[in-house]
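Student:
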Ligand code: SIN
């Protein structure tokens, strides 16, 4: 396989850009291992530029890194988002502010316009998300990524010790109440399958590095604390995690494919582009139970 790609660091957090690699072709084992290594060293954020992929090629690329939500081998995401899945590829979650000729949304409008980590409310939340930019507004529509590993590592030892034994409840009901009121939430999604208890500090299965694993969009409270105590501690963590030095801003170029690690970072899609068309397709990789 051709190997003359160019690797460039995009941020002090390690975010890495890769040019000159054609992801429409199957990758050999050596290259997959190289990309996984690069992904881990990048803090979990790779941006592949100038990719020309069909939806199937996007899926085929992603499958080389794990099992996909919505695939025959995997489990579906919550029912509420099923209306935004690609009609021919249930593995693909579509993000769009446009409707088709029949007036049906081409994808979820305003998807992810809040700080969250994909599917964190499941016992086994998402590992990676791989988002492909097919149509980008002339200006705006960037996505912010907050690095929970760098944020963790900068905490004082006293705060690390305080957080180490804590667990937090992640609940789709939090997102449902604030993000999904229109159109309606599928009630079955609120019956318990989309609610999980996770450590506040999780250790990455490959790198051994620790990250803060709570997010305002889907974490309801810290286990064992009363609500006011939990709110105060979570507020501190969210303010800390979203300090500018922990943020990478992905200014999308058409044909970018971004692959991020939901175990180490949360993200926020900026909804500032009105009706200027924006269309992206996302594959979500299933992950392990956080420890
Ligand atoms: C998401 O996956 O949360 C959507 C991100 C985006 O549209 O930039």
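In our numbering, the protein residues as written are 5 to 295. We treat Cβ as the ideally placed atom computed from N, Cα and C, and that holds for glycine.
1) Between the Cα of residue 250 and the Cα atoms of 279, 182, 152, 288, which residue gives the shortest distance?
2) Judging by CA-CA distance, which residue of 265, 294, 281 is the nearest neighbour of residue 135?
3) Between residue 286 and the ligand SIN, is the CB less than 7 Å from at least one heavy atom?
4) So, with DSSP's three-state summary, where would you put residue 53?
5) Hey, how far is the Cα of residue 148 from the Cα of residue 201?
6) Can you tell me whether residue 263 is buried or exposed, with buried defined as 16 or more other CB within 10 angstroms of its CB?
7) Could you check the C-alpha separation between residue 10 and residue 237 for me, to the nearest Å?
8) Going residue by residue through the segment 187–251, where are the continuous alpha helix (DSSP H) segments of at least 4 residues, counting only ones entirely within it?
9) In the DSSP output, what is residue 174 paired with across the bridge?
10) Take residue 33 as the anchor and find which of 192, 67, 72, 48 has the nearest alpha-carbon.
11) Would a C-beta distance cut-off of 8 Å place residue 205 and residue 242 closer than the cut-off?
12) Quick one: grab the DSSP three-state call for residue 43.
13) From which residue to which residue does the beta strand (DSSP E) around residue 12 run?
14) Note down the Cα distance separating residue 274 from residue 100, rounded to an integer number of angstroms.
15) On the CB-based measure, 16 or more other CB atoms within 10 Å of its CB, does residue 294 come out buried or exposed?
16) Name the DSSP beta bridge partners of residue 264, please?
17) Buried or exposed: residue 220, going by 16 or more other Cβ atoms within 10 Å of its Cβ?
18) Should residue 111 be listed as close to the ligand SIN, given that the test is whether its C-beta is under 7 Å from any heavy atom?
19) Using a threshold of 7 Å, is the CB atom of residue 271 nearer than that to any non-hydrogen atom of the ligand SIN?
20) Report buried or exposed for residue 13, applying the criterion of at least 16 other Cβ atoms within 10 angstroms of its Cβ.
21) So, with DSSP's three-state summary, where would you put residue 97?
22) For residue 67, which three-state DSSP category applies?
23) Which of helix, strand or coil does DSSP assign to residue 21?
Tutor: By the coordinates alone:
1) Selection 279, 182, 152, 288 evaluated against residue 250 yields 152 as nearest (Cα-Cα).
2) Residue 135 has its Cα closest to that of 265, out of 265, 294, 281.
3) Under cutoff, so the answer is yes.
4) Reduced to three states, the DSSP call for residue 53 is coil.
5) Cα to Cα, the separation comes out at about 26 Å.
6) Buried, by the Cβ-count rule.
7) Distance between residue 10 and residue 237, taken at the CA atoms: about 42 Å.
8) DSSP assignment within the segment 187–251 yields the following whole alpha helix (DSSP H) runs of 4 residues or more, N-terminal first: 231–245.
9) Beta-bridge pairing links residue 174 to 200, 223.
10) Ranking the options by Cα distance to residue 33, first place goes to 67.
11) In this structure, residue 205 keeps its C-beta atom at 8 Å or more from the C-beta atom of residue 242.
12) Of the three classes helix, strand and coil, the one that applies to residue 43 here is helix, per DSSP.
13) Bounds of the beta strand (DSSP E) holding residue 12 are 10–13.
14) The C-alpha of residue 274 lies about 13 Å from the C-alpha of residue 100.
15) Residue 294 should be labelled buried.
16) Per DSSP, the beta-bridge partners of residue 264 are 49, 133.
17) Its Cβ being crowded by 16 or more others within 10 Å, residue 220 is buried.
18) No, the beta carbon of residue 111 sits no closer than 7 Å to any heavy atom of the ligand SIN.
19) For the ligand SIN, at least one heavy atom lies less than 7 Å from the Cβ of residue 271.
20) Around the beta-carbon of residue 13, fewer than 16 other beta-carbon atoms lie within 10 Å, marking it exposed.
21) Correct three-state label for residue 97: strand.
22) The answer is helix: DSSP assigns residue 67 an H, G or I state.
23) DSSP, read as helix, strand or coil, puts residue 21 in strand.
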